[in-house]
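Working notes for the structure below.
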Amino acid sequence: MKTRILPLLACVGLAASAFAGDKSAGPDYRKQLSSVSALEMPAKAAALASGVTAENREVVTAAVVKNVADLKSTALPATVGAIAKANPEVAATAAAVAASVRPKLAVDVAKAATASAPKQAGAIVAAVCKVLPENYRN
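Residue 44 in my numbering sits at position 44 of the sequence shown; the count goes up by one each step and never skips.
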């Protein structure tokens, strides 16, 4: 179990640090996401994150989550939940990026991700706590 979690945490850390402060990093999905209503945004985001190869999924997931945060931050927990349900292996990345972009929604994002991908709960909580260590007790 530990041998699977450690590489996942390393990938989450790299993805979160790569996208935490850089507005121009990663592909831009704003056009595709803004073409749908706020209610359809989580499903569209999950489809975008699912429609790529496995090796690009972390990068695309981080970019999609950042774009959703820029367009409609209230849809962020539902978006992370939809991505986590469609691709449980990137649930921690989606939650960490969302928490780093919108720290006030970190608890809601973590709850949505763990509800959608319960087997990844440990990795999700660890990733969010790594991005926001001051919220560890929440």
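Ideal Cβ positions, reconstructed from N, Cα and C, are used throughout, including at glycine.
In this text, all values refer to a predicted model and were calculated from it rather than measured experimentally.
Return the chain-ordered list of same chain residues with a C-beta closer than 8 Å to the C-beta of residue i, the five sequence neighbours on each side being excluded.
{"i": "Ala38", "result": "Lys72, Thr74, Ala75"}
{"i": "Ala82", "result": "Pro42, Ala43, Ala45, Ala46, Ser116"}
{"i": "Lys119", "result": "Pro88"}
{"i": "Glu55", "result": "none"}
{"i": "Ser34", "result": "Leu71"}
Residue j and residue i - do their beta-carbons sit closer together than 8 Å?
{"i": "Val128", "j": "Ala110", "result": "yes"}
{"i": "Pro42", "j": "Thr79", "result": "yes"}
{"i": "Arg102", "j": "Asn67", "result": "no"}
{"i": "Ala99", "j": "Val59", "result": "no"}
I need the DSSP call for residue i, collapsed to helix, strand or coil.
{"i": "Thr53", "result": "coil"}
{"i": "Leu76", "result": "helix"}
{"i": "Val36", "result": "coil"}
{"i": "Pro118", "result": "helix"}
{"i": "Ile124", "result": "helix"}
{"i": "Arg102", "result": "coil"}
Leaving out five residues on either side along the sequence, give the residues of the same chain with a beta carbon under 6 Å from the beta carbon of residue i.
{"i": "Gln32", "result": "none"}
{"i": "Val125", "result": "none"}
{"i": "Val65", "result": "Ala94, Val97, Ala98"}
{"i": "Val52", "result": "Val60"}
For residue i, which residues in the same chain have their Cβ closer than 7 Å to its Cβ, ignoring the five residues on either side in sequence?
{"i": "Pro157", "result": "Because the chain here runs from 1 to 138, residue 157 falls outside it and cannot be looked at."}
Give me the residue from the options with the minimum Cα distance to residue i.
{"i": "Val90", "options": "Gly122, Val36, Asp28", "result": "Gly122"}
{"i": "Ala49", "options": "Glu134, Ala86, Val36", "result": "Ala86"}
{"i": "Thr114", "options": "Glu134, Val52, Pro133, Ala84", "result": "Ala84"}
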